[in-house]
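S.K.:
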Amino acid sequence: MRSQAMFFQEQAAQKACDPQMQKTLAYVRPLFVGKRKKGLEGLAADGLGFEEMRVACQEIRDRVVDNLDVWLELFEARAQATGAKVLWARDGDEVARLLVDLARQHGVRKVVKSKSMLSEEADLNTAFAAAGIESIETDLGEYIIQLAGETPSHIIAPAVHKTKEEVADLFVAHHGLPRQSDITALAREARGVLRQHFLSADMGVSGANFLVAETGSAALVTNEGNGRMVTTLPRLHVVIAGIEKIIPNLQDLATLMRLLPRSATGQSISNYVSVLTARGGLALDSPVQGPEKIVFVLVDNGRADLLGGEFASMLRCIRCGACMNHCPVYTAIGGHAYGWVYPGPMGSVLTPLYTSLKTAQDLPQATTGCNQCGAVCPVGIPLPELMRALRRRTFEEGLRPWLERLGYKVWAWAACHPRFYHWGVRRAVRYLKWLAGGEAFIRVLGMAPGWTGGRDLKAPPGRSFQELWADRKNRG
Amino acid sequence: MRVALFVTCLVDVMRPSIGFATMRLLEAAGCDVVVPEDQTCCGQPAWSAGEADAARALAKKNISDLAGFEYVVLPSASCAEHIKNAYPELLAGEPEWAEKAADLSKRTFELTSFLVDVLKVNEVPGDFHGSITYHDSCKGLRKLGIKQQPRQLLAKMKGVTLREMGESEECCGFGGAFAAKFGEISTVIVDRKCASIRESGAEVVVGGDLGCLLNIEGRLRRRGDPTRVLHIAEVLAGEGQ
Amino acid sequence: MTKQDNHAARAEIMARVRQRLAPVTAADADVRKAQAEEAIRAVARGPQPRMTGDLVERLLRKLEEMSCTTDRVARLNEVPRAVARYLAANSLGLSAVTSPPLASLEWENAGVSVAVRGAADADLVGLTDCFCAIAETGTLMLHSAPDLPPTLSLLPETHVAVVPLERIVPTMEEAFARFRAQFSDMPPAVNFISGPSRTADIEQTIVLGAHGPCRVHVVLVG
Chain A
1 MRSQAMFFQE QAAQKACDPQ MQKTLAYVRP LFVGKRKKGL EGLAADGLGF
51 EEMRVACQEI RDRVVDNLDV WLELFEARAQ ATGAKVLWAR DGDEVARLLV
101 DLARQHGVRK VVKSKSMLSE EADLNTAFAA AGIESIETDL GEYIIQLAGE
151 TPSHIIAPAV HKTKEEVADL FVAHHGLPRQ SDITALAREA RGVLRQHFLS
201 ADMGVSGANF LVAETGSAAL VTNEGNGRMV TTLPRLHVVI AGIEKIIPNL
251 QDLATLMRLL PRSATGQSIS NYVSVLTARG GLALDSPVQG PEKIVFVLVD
301 NGRADLLGGE FASMLRCIRC GACMNHCPVY TAIGGHAYGW VYPGPMGSVL
351 TPLYTSLKTA QDLPQATTGC NQCGAVCPVG IPLPELMRAL RRRTFEEGLR
401 PWLERLGYKV WAWAACHPRF YHWGVRRAVR YLKWLAGGEA FIRVLGMAPG
451 WTGGRDLKAP PGRSFQELWA DRKNRG
Chain B
1001 MRVALFVTCL VDVMRPSIGF ATMRLLEAAG CDVVVPEDQT CCGQPAWSAG
1051 EADAARALAK KNISDLAGFE YVVLPSASCA EHIKNAYPEL LAGEPEWAEK
1101 AADLSKRTFE LTSFLVDVLK VNEVPGDFHG SITYHDSCKG LRKLGIKQQP
1151 RQLLAKMKGV TLREMGESEE CCGFGGAFAA KFGEISTVIV DRKCASIRES
1201 GAEVVVGGDL GCLLNIEGRL RRRGDPTRVL HIAEVLAGEG Q
Chain C
2001 MTKQDNHAAR AEIMARVRQR LAPVTAADAD VRKAQAEEAI RAVARGPQPR
2051 MTGDLVERLL RKLEEMSCTT DRVARLNEVP RAVARYLAAN SLGLSAVTSP
2101 PLASLEWENA GVSVAVRGAA DADLVGLTDC FCAIAETGTL MLHSAPDLPP
2151 TLSLLPETHV AVVPLERIVP TMEEAFARFR AQFSDMPPAV NFISGPSRTA
2201 DIEQTIVLGA HGPCRVHVVL VG
């Protein structure tokens, strides 16, 4: 997917002023927050604290990320020992190329996909279409946005920006069936249409929530059951997963499953957790149902470059979406404004790192530093600190506007020279008081139009604290 | 007990009354309050913008200015958090400075935390009659664990009725330069805060960080909402009536 | 794609990974690999839930929280009648597909016609046993095998699962421990099923029966 992150400022402003978007976000925000809270209450009822679980989950992820070289080799060897094929892709284009080649080799005409954000990085559907291979998204949210020709606006609720009326319009246009107006009927209709695709597809493509090194398996977590369909019915199953997705063993999966669904949707567990392994010693003509072949595609696309550096902790991410669900900025603008695959705080870190800091530099700027994301992250990623580190890098690489950089230099110099600074402050407070023109509030501030675009500024009394304090001391 | 009062650059410029209220509270609690004359800014705006060199220069300046005081107290959790957490991080590569930064970090406190956790005050000098709702500012809440301290102090004031707002822990959308850089986004966020304040039915919204308060008050006025906005120091010192 | 190409991709990615990690890893790769293998072998468990009370009651409660319906019979031979009652009460027809573990029960006497095979699109009811049931979350653990087609719990609108009491375990960790004790290899699929399939993708409104079953009915035995 080509990044549109350079248009963040305009896109975000537009979304912030879009009444329909605001209505949708106002509706979903308390749901997101409330569901997670309830999920954690359930955990507490079993005597498990969030902090205790978070430490355990972080340790599991760190153990792998800190030694990824050996874990990759281990996973590869064990997956191969079960009969799976393991391929590697340096970037999104290579992912798309490998999958199209695999489809061609196996005479595939139709592909069914379960949700994979990595496939969005690779723009996989476009590649399949160009190769004349039909590929169908089967997660209901992904299916809706595929029909709409859009991109996901949330990593676990891709169509969260769509209303049921919009979905009904899309279904009428694409299914040629009578218009349904209620949500249950719409979901039912999609079930019927997609069921036929599941049954007729030759290849299933899924992501992986985790790659289990112990067993050489993919662990897949879904609610709709489409993940199971995609990995059970077609004869070929291709798993595309980032190289960082490995966990050591099945016990670790059990640990992570106590926080992943709760962080994402508040569920104590998702409806389906599947551990999928190649057929091992089973003969191909064995009557066991399942794909004849599993291929793992392990993808770098910028991940390896994060290892060993100040952004390595980002590789712990388990894609739960809690950071965006609790982010005041995400819940004010939705996901599309972020311009690439991943929105919200995790996207504001990943997009500059995986695409380009130059074009995505506004993303890590667009934060209040509130740390609501860091506080809810189930693997303890210090998201505000990572965004700040990106801002530092932006500054060091000279990517900020020269006036802004100069401004900070002058201000910092002044702040280190108190006499000059206080002289400036005395001028500034008088100017601001004058600007208020005797009123209590300044309504328009030329030097900060962003501020007074939405709010007034209380006028200062015209003399600084330091001045008033000096007076008081002198009066003794 | 010799205490340095670091009023913060925002209070110095925008609302000196908070500085004087803080002084009154500290003196009433028996502190010998000193206002270091050369103080300017803690450097957080530079650190936040990614200008690490400027932030480092200011960290060193302040470490030098604030040496020799038993405690340093600020009427802002955000600035206190910067001194406590960012200075050691900024100076980690310079052992001599790192040690000084760690020392200053231990001596630095946000006002309500200082009054409750260090001085363990039993009474506050001011008087206030009315209903108050308290906005928890992000850095204080999530980085310094400041939640009960201001409430405990308000509870010592007989005339105060505390009416908690919904989502008091939600960000107000200030975020320093954020509110100016991304005004439209900030407005959506602060609107939620204004709605929570209104729903609380309180006459006054109180907080511990002037940045948040300027943002909230500015938006309340633009919406035509007359709810008063006060700093916790002003209320506790009795300057809010 | 040629084989060479992918070798190059692998080599390049592994080289990058090693290069980035070199400054921060203390031990050499062999030592770290041995440690990693030890971490795999160690079946160390993370923080465990402290569940109080009876596991059976807990399981029933959690199954219902997961939108399952439940029933309980004393003996396995009572299952067919209990299933028949459930199907009749919900007007779900009286035919089902199942697999060998349950096929030998006296379905005919109970008025249920069963076919022993994998499920097809048109099948309305899938009948399965399970490897175990997890009380912590109200989860059924099923695995695929030549005589255990995974489609039984996937394609039909109704999934009826039979759970003997001795198969109830407290946690997923315990379920895996039992699994390891019984099998040396992983089957193609181990599925943990917690209630009917669901979606909340339209306006965050939960609808049961997304792609998998709309109903999951659990019959405890014992």
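Residue numbers (this note's numbering), protein chains in the order written: chain A, 1 to 476; chain B, 1001 to 1241; chain C, 2001 to 2222. Where is the CB? At the ideal position from N, CA and C, for every residue including glycine.
(1) Does A/Ile240 have its Cβ less than 9 Å from a Cβ in chain C?
(2) Nearest chain A C-beta to C/Gly2118 closer than 9 Å, yes or no?
(3) Between which two residues does the alpha helix (DSSP H) holding A/Lys15 run?
(4) Residues bridged to A/Leu457 by DSSP?
(5) Could you list which residues in chain C have their beta carbon closer than 9 Å to that of A/Gln20, in chain order?
(6) What did DSSP end up calling B/Cys1172 once you bin it into helix, strand or coil?
(7) Do the CB positions of A/Val212 and A/Asn271 come within less than 9 Å of each other?
(8) With C-beta atoms as the reference, is A/Leu118 less than 9 Å away from A/Ala241?
(9) Report yes if the CB atom of C/Ser2099 is closer than 9 Å to the CB atom of C/Pro2149, and no otherwise.
(10) What do you reckon, are the CB atoms on A/Val205 and A/Val238 nearer than 9 Å?
(11) Using a beta-carbon distance below 9 Å, is C/Thr1996 in contact with chain A?
(12) Counting only the same chain and skipping the five closest in sequence on each side, list residues whose C-beta sits under 8 Å from that of A/Gly398.
(13) Let me check one thing: in DSSP terms, what residues is C/Thr2132 bridge-paired to?
(14) Chain C beta carbons: is any one of them nearer than 9 Å to that of A/Thr277?
(15) Out of A/Arg258, A/Thr331, A/Ala337, A/Thr163, point me to the one whose CA is closest to A/Glu52's CA.
(16) On the CB-based measure, 16 or more other CB atoms within 10 Å of its CB, does B/Met1001 come out buried or exposed?
(17) What residue does the beta strand (DSSP E) around A/Ala241 start on, and which one ends it?
(18) Does the structure place the region 1124–1140 of chain B close enough to the region 1229–1240 of chain B that three or more beta carbon pairs sit under 8 Å?
(19) Can you confirm whether C/Ser2197, when its beta carbon is compared against all beta carbons of chain A, has any partner nearer than 9 Å?
(20) Roughly how far, in whole angstroms, is the beta-carbon of C/Ser2194 from the beta-carbon of C/Thr2139, given that I think they are within contact range, below 8 Å?
(21) Have a look at C/Val2056 and C/Asn2191 and give me their C-alpha separation to the nearest angstrom.
(22) Starting from B/Leu1090, follow the alpha helix (DSSP H) in both directions and report where the run begins and ends.
(23) Going by alpha carbons, who is nearest to C/Val2073 out of C/Tyr2086, C/Ala2135, C/Asp2123?
(24) Kindly list the residues whose CB is nearer than 6 Å to the CB of C/Leu2063, restricted to its own chain and excluding five residues on each side of it in sequence; keep chain order.
(25) Going along the chain, which residues of the region 163–187 of chain A sit with their C-beta nearer than 7 Å to a C-beta in chain C?
(26) What is the residue span of the beta strand (DSSP E) that B/Ser1131 lies within?
(27) Can you tell me where the beta strand (DSSP E) holding A/Lys113 begins and where it ends?
(28) Which runs of the alpha helix (DSSP H), 4 residues or longer, sit entirely within the region 1049–1075 of chain B?
(29) Can you give me the Cβ contacts of C/Leu2105 inside the same chain, cut-off strictly under 8 Å, excluding the 5 residues immediately before and after it?
(30) What residues in the region 1175–1194 of chain B have a beta carbon less than 9 Å from any beta carbon of chain A?
(31) State the CB to CB distance for the pair B/Cys1041 and B/Leu1058, rounded to an integer number of angstroms; the pair is presumed to be in contact (CB under 8 Å).
(32) So is C/Thr2052 buried or exposed if we call it buried at 16+ other beta carbons inside 10 Å?
(33) For C/Lys2033 versus A/Val70, is the C-beta distance shorter than 9 Å?
(34) Return yes when the Cβ of B/Pro1016 is within less than 9 Å of the Cβ of A/Phe465, no when it is not.
(35) Where does the unbroken beta strand (DSSP E) through C/Val2190 begin, and where does it stop?
(36) Within the same chain, show all residues whose beta-carbon is closer than 6 Å to that of A/Leu315, passing over the 5 residues directly before and after it, in chain order.
M.R.: Based on what the coordinates show:
(1) no
(2) yes
(3) 8–16
(4) A/Ile442
(5) Residues of chain C passing the Cβ test: none, with the nearest at roughly 13 Å.
(6) coil
(7) no
(8) yes
(9) yes
(10) yes
(11) Outside the shown range of chain C (2001 to 2222) lies residue 1996 of chain C, about which nothing can therefore be said.
(12) Arg405
(13) A small correction: the amino acid at residue 2132 of chain C is Cys; Thr does not occupy that position in the sequence shown. According to DSSP, C/Cys2132 bridges with C/Met2141.
(14) yes
(15) A/Arg258
(16) exposed
(17) 236–242
(18) yes
(19) yes
(20) 5 Å
(21) 21 Å
(22) 1087–1090
(23) C/Tyr2086
(24) Thr2070, Gly2138, Val2218
(25) Thr163, Lys164, Val167, Ile183, Thr184, Leu186, Ala187
(26) 1130–1135
(27) 110–113
(28) 1052–1065
(29) Leu2076, Asn2077, Val2079, Pro2080
(30) Gly1175, Gly1176, Ala1177, Phe1178, Ala1179, Ala1180, Lys1181, Phe1182, Gly1183, Glu1184, Ile1185, Ser1186, Thr1187, Val1188, Ile1189, Val1190, Asp1191, Arg1192
(31) 6 Å
(32) exposed
(33) yes
(34) yes
(35) 2189–2193
(36) Val65, Glu244, Leu306
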